[in-house]
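In UniProt numbering, the protein residues as written are 1 to 88.
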């Protein structure tokens, strides 16, 4: 298992269950796509370093996030929605 992925997976474990649920599918996906992980690791690490309340608001509504994180937040939400759809 990649150390970068492991660090991001730990950082994604939040004190907020809703944020963790939104982040988990995307983090799991990165485990199986090392090229995507390499491209997004730095940006994702920066996002995960943000305040808990801000991160949750941004995960729920990426349009409220700073512009440089909006695309990543949209990908995270899309991944979460795909997992929900696959479980139905």
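Backbone N, C-alpha and C define an ideal beta-carbon position, used for all residues, glycine too.
Computed from a prediction, not measured in an experiment: that's the story for all the values here.
Could you round the C-beta distance between residue 76 and residue 56 to whole angstroms and report it? I think they count as a contact, below 8 Å.
About 12 Å; that fails the 8 Å criterion.
Just to confirm the assignment, what range does the alpha helix (DSSP H) spanning residue 164 have?
This structure cannot settle anything about residue 164, because the visible part of the chain is limited to 1 through 88.
With burial defined as no fewer than 16 other Cβ atoms inside 10 Å of the residue's Cβ, what is the status of residue 84: buried or exposed?
With a 10 Å radius around the Cβ and a threshold of 16 neighbouring Cβ atoms, residue 84 comes out exposed.
Limits of the alpha helix (DSSP H) - the one that residue 25 falls within:
Taken as a continuous stretch (DSSP letters only), the alpha helix (DSSP H) holding residue 25 covers 17-31.
Considering only C-alpha positions, which residue in the set 88, 32, 52, 44 is nearest to residue 70?
Of the candidates 88, 32, 52, 44, the one whose C-alpha sits nearest the C-alpha of residue 70 is 44.
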